[in-house]
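Trainee: Here it is, the structure, as structure tokens.
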Amino acid sequence: MGVGGEEVFEAVAEGVLPRVVRGVLVLMAVVVMGVLVLMAVVVMGVLVLMAVVVPVAHVRPLPVRAVDVRRPHRHYVRMSARMHLSPAHHAHPRTPGDEQFALAAELLALLGDRTRLTLLHALADGEADVTTLTEACAAARPAVSQHLARLRLAGLVNTRKEGRRVIYSLRDGHLRRLVDEALNVADHRLSDRPVHD
Numbered sequence: 072m073g074v075g076g077e078e079v080f081e082a083v084a085e086g087v088l089p090r091v092v093r094g095v096l097v098l099m100a101v102v103v104m105g106v107l108v109l110m111a112v113v114v115m116g117v118l119v120l121m122a123v124v125v126p127v128a129h130v131r132p133l134p135v136r137a138v139d140v141r142r143p144h145r146h147y148v149r150m151s152a153r154m155h156l157s158p159a160h161h162a163h164p165r166t167p168g169d170e171q172f173a174l175a176a177e178l179l180a181l182l183g184d185r186t187r188l189t190l191l192h193a194l195a196d197g198e199a200d201v202t203t204l205t206e207a208c209a210a211a212r213p214a215v216s217q218h219l220a221r222l223r224l225a226g227l228v229n230t231r232k233e234g235r236r237v238i239y240s241l242r243d244g245h246l247r248r249l250v251d252e253a254l255n256v257a258d259h260r261l262s263d264r265p266v267h268d
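With the first letter of the sequence shown counted as 1, position 162 gets the number 233 in the numbering used here; the numbers rise by one all the way through.
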């Protein structure tokens, strides 16, 4: 003859069940609540990871190209945009496909953050460590480190160790020119200068 759930509940309410049984029931309730809280924490952790890591993880690193060390990097920054539109320049397709548009949109989304744009502008002048970059963008060091990690995971910056310091640098001249042109557009809009090619 089994005891139903209602009978157990009534027995607990009336104080009929022995203390041991009541203790076991309370312990089971605490364990169940603990498991539910733990599951909620794990789910929240997964959601946070998906919000932070997944947008960066699907960005493929850009291919590494050889840099001509005989020319200073300022040469690349000062290049005219028309040079890249000339018929003699065959390295890039004139009509981009879906893959190029998707990757370019991801790249521009990464550049859409003011701190990351400031970091990339600072790196356009040359290599720098986290302390120097923190001063350049006037942000908290942990925030700068997180932004640099996103840029590194996306393949936009390179790193190398120098003793205990990590030195960051831009990956290629295209990114340098992109940042420079974005700031030039902003300068024109703020100063009401006439547009030009």
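C-beta: ideal position from N, C-alpha, C; glycine also.
1) Work out the CA separation of V101 and V112 for me, nearest whole Å.
2) Looking at the unbroken alpha helix (DSSP H) that takes in V215, where does it start and where does it end?
3) In angstroms with no decimal places, state the Cα-to-Cα distance between H245 and V108.
4) If you drop the 5 nearest sequence neighbours on each side, which residues of the same chain put their C-beta closer than 6 angstroms to that of M110?
5) Determine the closest residue to A207 out of R185, R248, T230, E233, with distance taken between C-alpha atoms.
6) Does DSSP classify T202 as helix, strand or coil?
7) If the criterion is Cβ atoms closer than 9 angstroms, does the pair L98 and H192 meet it?
8) Just verifying my parser: in three-state terms, what is the DSSP assignment at L241?
Mentor: On the basis of the data shown:
1) 16 angstroms
2) 212-224
3) 49 angstroms
4) none
5) R185
6) helix
7) no
8) strand
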